[in-house]
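Visitor: Would you mind keeping the following structure in view while I ask a few things?
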């Protein structure tokens, strides 16, 4: 009797730092088990072997910043039964979406001597602006245990168990002292998606929002608190304009504090 | 005229997106081009207008594989601009965190990206089918590096505990001592790795490189030092711009770096090792000698062996630092913003990484310049291909293609880093 076919996993990269796909290779204790449960059919960072699609599960890292990539993501979608974005670039456009507020021609001339050699779009946009996405995993970088949960969930045809509440809840669960209440440290924890395990407050610093907005965040109320702590308008804008700057809730809040 | 073109459209087992094209005419290699099409992300442009305190978090996102290198170079450049220096146990903690990154990044490359080339496998996963124990050893060694980064930095990719002036929270001595037990096992695994890699079949290829690295007094260079070469260069980090220049070529979104008036040079493990052999720990030096390496290594295919020795050194060095560690009185040096320019250079796993920033009086960044190792090595990668491929033209296309890929992978190129960072004087001619 033929062995049951293992599901095919593909990992795709667009504009990114490679850190989220590295998270899969950072699962040192689980990697070989994953490689046993699925067929790693396309994963350039790890293997030169390529297995033709269609793929049962595609993990997509990175944002869309070139015309070529805008076409490529359409092909990836057509060849993927399920498509999951991994990380802030793929889910919200990444830090490179800071260009969306500026003139990209000026950006190119700052970095490159011959801007005419560079092909790039005016914006950096998330994958969901281009194709249908089955699930979005937040984080800059993603949490590798959540990645394993997502892979496992899709293999078993169930929704991933990834809570959408705030970092504040994680702090409470961990028993952390609130850095904002106790020390007056500006913190995005009240509006930021859980997933990191309240890492920054555990290290005596405020959350800087690398997991992006939680569901229905009250950013206006938080900004009022930040102002009361003495944070200047420019810094309130900066704190919302980092790795998830193009997520609609953070973008809108940043625009309330300047252009 | 017989023309043969070897193309690799998407290089595998490298970090980021690159392609390769080699043109052979009448049995002669005419051209070898590494094309980098990783899309630009414009870090140097959007750093303008940000606060000096934001650089470690922002520049970490240049590379998920070596974020600590970006964090440390950027912090050191800012501290230079602000006229402070971070010494004592805070300096030791930085070195310890960096050792974690060397272990993690080098082991990833040795076991998962490069060894499969020497053993004829497509990937480490294929290798694990034949040799599960070897791949498990590599994964556990890599994990020891990652765990050290988690302990000091909070997480392995984009650590959150690094700030200009030091850290947010210093680790407890007892937590580091608990990790030392894992590191001792990792050091044993690193020694076994050196012996394993020493048995690989290395093509007999050498080149006369100009090696460039930091030199950090009596210590093997990681976070501090002057920039030196084997052809007499010996300069302060702040003089980088006077001696190095970058060019923008059409085929690449990364810029090519050269030493003014001399041309291509090499950064990375081979250069560090050959310029600083005496600064390695006795254990690492002895392992190198047993593996058949002299104090200078000019064979790029042996870079995997040198990387293995640096992993052994990094385990040894982290253990030495943990042993001597005392919890500092405060986790960071206090800072006051002021106008000025600062330079910072540290040894990323792939080689020297230079940052320069100009600040306004309130600490806002006015100008940023970042020179990553892969763009410094890009001319040498192409020169290696041109020099070596001629001897292998009898191979069929698939075998030759694989050999070309292996030659590029000697450098552990990080294309995500190389792209989009180099900045030139603007040519408006």
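Residue numbers (the numbering used here), protein chains in the order written: chain U, 391 to 649; chain G, 96 to 524.
Positions of the beta carbon are idealized from the N, C-alpha and C atoms, including for glycine.
Just so you know, these numbers come straight off a predicted model, no measurement behind them.
Can you pull the chain U residues whose beta carbon is under 9 Å from the beta carbon of residue 152(G), in chain order?
Guide: What you label residue 152(G) is simply residue 57 of the second chain in a count that begins at 1. Going along chain U in sequence order, the residues near residue 152(G) (Cβ under 9 Å) are 598, 600, 632, 633.
Visitor: Quick check on DSSP: helix, strand or coil for residue 168(G)?
Guide: Translated into the one-based positions of the second chain, residue 168(G) becomes position 73. Residue state, collapsed to three classes: helix.
Visitor: Which residue's Cα is closest to the Cα of residue 337(G): 261(G), 356(G), 299(G), 194(G)?
Guide: The residue given as residue 337(G) occupies position 242 in the second chain. That would be 356(G), whose Cα lies nearest to the Cα of residue 337(G).
Visitor: Looking only at its chain, what residues have a beta carbon closer than 6 Å to the beta carbon of residue 155(G), apart from the 5 residues adjacent to it on each side?
Guide: Counting from one through the second chain, the residue named residue 155(G) turns up at place 60. Hits under 6 Å: 162, 165, 166, 253.
Visitor: Between the beta-carbon of residue 351(G) and the beta-carbon of residue 429(G), is there less than 8 Å?
Guide: Residue 351(G) sits at position 256 when you count from the first residue of the second chain. Residue 429(G) sits at position 334 when you count from the first residue of the second chain. Cβ atoms of residue 351(G) and residue 429(G): not closer than 8 Å.
Visitor: Cβ atoms of residue 457(U) and residue 530(U): under 8 Å apart, would you say?
Guide: Translated into the one-based positions of the first chain, residue 530(U) becomes position 140. Translated into the one-based positions of the first chain, residue 457(U) becomes position 67. Cβ atoms of residue 530(U) and residue 457(U): not closer than 8 Å.
Visitor: For chain G, find out if any of its Cβ atoms is closer than 8 Å to the Cβ of residue 620(U); answer yes or no.
Guide: To locate residue 620(U), count along the first chain from 1; it is residue 230. False, the Cβ-Cβ gap to chain G never drops below 8 Å.
Visitor: Applying the 10 Å Cβ sphere with the 16-neighbour rule, what's the burial state of residue 51(G)?
Guide: The question about residue 51(G) has no answer, for chain G in this structure spans 96 to 524.
Visitor: Compute the beta-carbon to beta-carbon distance between residue 481(U) and residue 526(U), rounded to the nearest angstrom, for a pair I have assumed lies under 8 Å.
Guide: Locating residue 481(U) in the first chain gives position 91, counting from the first residue. Locating residue 526(U) in the first chain gives position 136, counting from the first residue. Going by Cβ atoms, the distance from residue 481(U) to residue 526(U) rounds to 4 Å, so yes, they are a contact pair.
Visitor: Got a sec: is the Cβ-Cβ distance from residue 408(G) to anything in chain U below 8 Å?
Guide: Counted from its first residue, the second chain places residue 408(G) at position 313. So no, residue 408(G) is outside the interface.
Visitor: Is the Cβ-Cβ distance between residue 297(G) and residue 408(G) less than 8 Å?
Guide: Locating residue 297(G) in the second chain gives position 202, counting from the first residue. Locating residue 408(G) in the second chain gives position 313, counting from the first residue. No; because the gap between Cβ atoms is not below 8 Å, this pair is not in contact.
Visitor: Can you list the residues of chain G that residue 373(U) reaches, using a CB-CB cut of under 7 Å?
Guide: An answer regarding residue 373(U) cannot be provided, because it is not within the stretch 391 to 649 covered by chain U.
Visitor: Taking all protein chains shown into account, do 16 or more other C-beta atoms lie within 10 angstroms of the C-beta of residue 195(G), making it buried, or fewer, making it exposed?
Guide: Walking along the second chain from the start, residue 195(G) turns up at place 100. Looking at its Cβ environment, which holds 16 or more other Cβ atoms inside 10 Å, residue 195(G) is buried.
Visitor: Quick one: using the 10 Å Cβ neighbour count with 16 as the cut-off for buried, is residue 129(G) buried or exposed?
Guide: Taking the second chain and counting its residues from 1, the one referred to as residue 129(G) is at position 34. So residue 129(G) counts as buried.
Visitor: Measure the CB-CB distance between residue 596(U) and residue 533(U) and report whether it falls below 8 Å.
Guide: Here residue 596(U) refers to the residue found at position 206 when the first chain is read from its first residue. Here residue 533(U) refers to the residue found at position 143 when the first chain is read from its first residue. Contact: no.
Visitor: For residue 514(G), which three-state DSSP category applies?
Guide: Locating residue 514(G) in the second chain gives position 419, counting from the first residue. Note that residue 514(G) has pLDDT 46, beneath the 50 cutoff, so the model's placement of it is unreliable and the number below is only indicative. Of the three classes helix, strand and coil, the one that applies to residue 514(G) here is strand, per DSSP.
Visitor: Comparing alpha-carbon positions, which option in 168(G), 484(G), 414(G), 123(G) lies nearest residue 447(G)?
Guide: In the second chain, the residue the question calls residue 447(G) occupies position 352. Nearest C-alpha to residue 447(G): 168(G).
Visitor: Who are the near neighbours of residue 544(U) in its chain, counting only those whose CB is closer than 6 Å to its CB and skipping five residues on each side?
Guide: Here residue 544(U) corresponds to residue number 154 of the first chain, with the count starting at 1. The residues are 447, 472.
Visitor: Relative to the C-alpha of residue 495(U), which candidate in 136(G), 402(G), 422(G), 454(G) has its C-alpha closest?
Guide: Numbered from 1 along the first chain, position 105 holds the residue referred to as residue 495(U). Looking at the Cα atoms, 136(G) is the closest of the given residues.
Visitor: To the nearest whole angstrom, what separates the beta carbons of residue 432(G) and residue 147(G), a pair I think is in contact under 8 Å?
Guide: By one-based count along the second chain, residue 432(G) stands at place 337. By one-based count along the second chain, residue 147(G) stands at place 52. About 6 Å; that satisfies the 8 Å criterion.
Visitor: In the structure shown, what three-state DSSP assignment does residue 442(U) receive?
Guide: By one-based count along the first chain, residue 442(U) stands at place 52. Of the three classes helix, strand and coil, the one that applies to residue 442(U) here is coil, per DSSP.
Visitor: Rounding to the nearest angstrom, what Cα-Cα distance links residue 295(G) and residue 367(G) in this structure?
Guide: Locating residue 295(G) in the second chain gives position 200, where the first residue counts as 1. Locating residue 367(G) in the second chain gives position 272, where the first residue counts as 1. When rounded, the distance between both Cα atoms is 22 Å.
Visitor: What first and last residue would you give for the alpha helix (DSSP H) that runs through residue 198(G)?
Guide: What you label residue 198(G) is simply residue 103 of the second chain in a count that begins at 1. Counting along the chain, the alpha helix (DSSP H) containing residue 198(G) begins and ends at 183-202.
Visitor: Closer than 6 Å by C-beta to residue 171(G): which residues in its own chain qualify, once you throw out the five before and the five after it? Chain order, please.
Guide: In the second chain, the residue the question calls residue 171(G) occupies position 76. Answer for residue 171(G): 439, listed in chain order.
Visitor: Taking C-beta to C-beta, are residue 402(G) and residue 226(G) nearer than 8 Å?
Guide: Locating residue 402(G) in the second chain gives position 307, counting from the first residue. Locating residue 226(G) in the second chain gives position 131, counting from the first residue. Not a contact, by the Cβ cut-off of 8 Å.
Visitor: Could you say if the segment 281-294 of chain G and the segment 450-465 of chain G meet the contact criterion of at least three C-beta pairs nearer than 8 Å?
Guide: The answer is no - the segment 450-465 of chain G does not touch the segment 281-294 of chain G, with fewer than three Cβ pairs under 8 Å.
Visitor: For residue 641(U), which residues from the same chain have a beta carbon less than 7 Å from its beta carbon, with the 5 sequence-adjacent residues on both sides left out?
Guide: For the purposes of this step, residue 641(U) is identified with residue 251 of the first chain, where counting begins at 1. Only 635 meet the Cβ criterion.
Visitor: Taking a cut of 7 Å between CB atoms, which residues from the segment 480-493 of chain U lie near chain G?
Guide: Answer set for the segment 480-493 of chain U: 485, 486, 488, 489.
Visitor: What does a CB cutoff of less than 7 Å around residue 515(G) pick up in its chain, not counting 5 residues either side in sequence?
Guide: As a position in the second chain, residue 515(G) is number 420, starting the count at 1. Bear in mind that a pLDDT of 34 at residue 515(G), under 50, signals an unreliable position, so the number given afterwards is only what the model happens to contain. Cβ neighbours of residue 515(G) beyond the five flanking positions: 135, 136, 137, 138, 348.
Visitor: Could you give the distance in angstroms between the alpha-carbon of residue 540(U) and the alpha-carbon of residue 622(U)?
Guide: For the purposes of this step, residue 540(U) is taken as residue 150 along the first chain, with counting starting at 1. For the purposes of this step, residue 622(U) is taken as residue 232 along the first chain, with counting starting at 1. Distance between the alpha carbons of residue 540(U) and residue 622(U): 39 Å.
Visitor: Quick check on residue 561(U) - is its C-beta less than 8 Å from some C-beta in chain G?
Guide: Position 171 of the first chain, counted from the first residue, corresponds to residue 561(U). Not closer than 8 Å to any Cβ of chain G, the Cβ of residue 561(U) fails to qualify, so no.
Visitor: Helix, strand or coil for residue 604(U), going by three-state DSSP, please let me know.
Guide: Numbered from 1 along the first chain, position 214 holds the residue referred to as residue 604(U). Residue state, collapsed to three classes: coil.
Visitor: Are the segment 367-376 of chain G and the segment 301-309 of chain G touching by the rule of at least three beta carbon pairs closer than 8 Å?
Guide: Touching, yes.
Visitor: Counting pairs of Cβ atoms below 8 Å between the segment 256-269 of chain G and the segment 588-603 of chain U, do you hit three or more?
Guide: Yes: the two stretches touch, three or more of their Cβ pairs being nearer than 8 Å.
Visitor: Can the beta-carbon of residue 550(G) be found closer than 8 Å to that of residue 499(G)?
Guide: Since the first residue of chain G shown is 96 and the last is 524, residue 550(G) is not available in this structure.
Visitor: Residues of chain G with a CB under 7 Å from the CB of residue 531(U): which are they?
Guide: Start at 1 with the first residue of the first chain, and residue 531(U) comes out as number 141. Residues of chain G passing the Cβ test: 159, 252, 253.
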